[in-house]
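Presented below is the structure to which this report refers.
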Amino acid sequence: MRYSTQLDHGKPIPLHDAAGFAAMRAAGRVAAETLDFITPYVKPGVSTAELDRLCDQFMRAAGSIPATIDYHGYKHASCISVNHVVTHGVPSATKILRAGDIVNIDVTPKLDGWHGDSSRTYEVGAVSILAARLVRTAHQAMMAGIAKVRPGAALGDVGAAIEALARAQGFSTVRDYCGHGIGQVFHDTPQVLHYGRAGTGIVLEPGMIFTIEPMLNAGSFQVKTLPDKWTTVTKDRSLSAQFEHTLAVTETGFEIFTLSALNPAQNPA
Ligand code: MF3
Ligand code: CO
Ligand code: CO
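Next comes the structure, spelled out in C-alpha cells:
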C-alpha cells in the first residue's frame, strides 16, 4: 500500500492497490448482504437486541467478525438508531420497534482483516410523510456526495453536494460525525465531512477508500450524546436519518463496495 503526498490533519492518506480493492469488495459485499438479510425482520414488535443478534449471526456465518464488538468498549454487532437517535444507538431488548418508526442499522463486518461499513434507514410499517421525505433525502444526499467522487475532485465538493440536498428540503446535516477512510483500519484518514465548500479540502486520488455516511436531521443539526456515552440524539428531539456506503476512488470515478441486490446503485433503499 502506498500513501498520498497529501496529509489529512497531519496524517498520511492510504492509496490502496488491486489486492486491497479485491478485499474491500468482499468485505463490502458482506456488509450489504447483512443489510439485505435483516430487511424482512424490521417489523413492528421486534426488539433492537433481536435485530442485532440476527446481524451478528449473519456476519459470522459469512466468515466475518463484527468489528464494532470491543471497539472502544462497544459491545454489539451493530448500531441501531431509532427516530431521534442520530447514530450509535445501542441495541436493547427493551427497545421495541413500532409502526411509524424509522430505524438506522449500521454494520461493519471485518472479513480477512478488511472492513466493510454500511448503513440504511428502514421504515417500520407506514411512516409519516415527513419521515419518508427525510429518509429519501438522506439517501439522495449520500448518492449526490458519491456522484462527486473522481480523481481531481475535492472532498469539499462531496460535503457541499450533500448539504445542498439537505437544505433544499429544509433539513440539516450533522457536523459532529463524519465519514472516514477505511480498509484494514476501521476509522482511517481522510475525514469526510458532510458539509463544506466546493473546491476545498483533500483532492481525491485513485486508491483512496472511504465511507460517505450523512446524517440528516428534520430540525437543527445539533446533537448530544447520552450518559451511556454512545447513544447520540438530536438536541431538539427531531427525527434523524442516515445512509452509509463504503467506496473507492478509481481512475475514472468511483466504485461502491456496499451495493447489493436490494440496494443497487442509485436506487433508494
Ligand atoms: N459503523 C460506525 C461508522 O459508520 C461506527 C460504529 S463504532 C461503534 O463509522 F463502536 F459504535 F460501533
Ligand atoms: Co462508517
Ligand atoms: Co457504519
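The opening position of the sequence shown corresponds to residue 664 in my numbering, with each subsequent residue numbered one higher. Even glycine gets a Cβ: it sits at the ideal position worked out from N, Cα and C. On a predicted model such as this, the values are computed, not experimentally measured, just so you know.
- One residue after another in chain order, those with a Cβ under 6 Å from a heavy atom of ligand 2 are Asp780, His843, Thr874, Glu876 and Glu907.
- Runs of the alpha helix (DSSP H) lying entirely within the stretch 823–896 and spanning at least 4 residues: none are present.
- DSSP links threonine 771 through a beta bridge to no other residue.
- By the neighbour-count definition (other C-beta atoms within 10 Å, threshold 16), serine 901 is a buried residue.
- Three or more Cβ pairs closer than 8 Å define a contact, and the stretch 687–700 meets that threshold against the stretch 765–779.
- Taking every protein chain shown into account, the CB of tyrosine 858 has 16 or more other CB atoms within 10 angstroms, so this residue is buried.
- Restricting attention to beta strand (DSSP E) runs no shorter than 3 residues, the stretch 667–755 encloses them at 674–678, 741–745 and 748–750, ordered along the chain.
- Taking 7 Å as the cut-off, one finds no heavy atom of ligand 3 near enough to the beta carbon of serine 710.
- If you draw a straight line from the Cα of histidine 850 to the Cα of glycine 815, it is about 23 Å long.
- The DSSP assignment places 781–786 as complete runs of the beta strand (DSSP E) inside the stretch 778–823, in order along the chain (cut-off: 3 residues).
- Out of Ala861, Glu786 and Ala689, the CA that lies nearest to the CA of valine 821 is found in Ala861.
- Per DSSP, the continuous beta strand (DSSP E) segment holding threonine 909 begins and ends at 908–912.
- Rounded to whole angstroms, the gap between the alpha carbons of alanine 682 and alanine 789 is 43 Å.
- Distance from the CA atom of threonine 771 to the CA atom of leucine 818, rounded to whole angstroms, is 23 Å.
- Short of 8 Å from the beta carbon of glutamate 914, and not among the five residues preceding or following it, lie these beta carbons of its own chain, in chain order: Pro814 and Pro869.
- Closest in C-alpha terms to threonine 711, from the list Gly736, Lys674 and Lys758, comes Lys758.
- DSSP places alanine 904 inside the beta strand (DSSP E), whose first and last residues are 903–905.
- Bounds of the beta strand (DSSP E) holding isoleucine 919 are 917–919.
- Within its own chain, the residues whose Cβ lies closer than 7 Å to the Cβ of leucine 717, once the five positions on either side in sequence are excluded, are Ile701 and Tyr704, listed in chain order.
- Its chain contains Thr852 and Gln854 as the residues whose beta carbon lies nearer than 8 Å to that of histidine 672, once the 5 sequence neighbours on both sides are disregarded; these appear in chain order.
- Distances taken from the Cβ of threonine 771 to the heavy atoms of ligand 3 include one shorter than 7 Å.
- Each residue's CA atom was taken as its position, placing arginine 799 and leucine 828 some 11 Å apart.
- Sorting Ile732, His908 and Phe917 by C-alpha distance to the C-alpha of asparagine 926 places His908 at the top.
- Beta-bridge partners assigned by DSSP to arginine 665: Leu678.
- Only residues of its own chain outside the window of five on either side were considered, and among them Leu698, Cys742, Asn767, Ile768, Asp769, Val770, Glu876, Gln905, Phe906 and Glu907 have a CB closer than 8 Å to the CB of serine 782, listed in chain order.
- Distance from the C-beta of histidine 751 to the nearest heavy atom of ligand 1 is below 7 Å.
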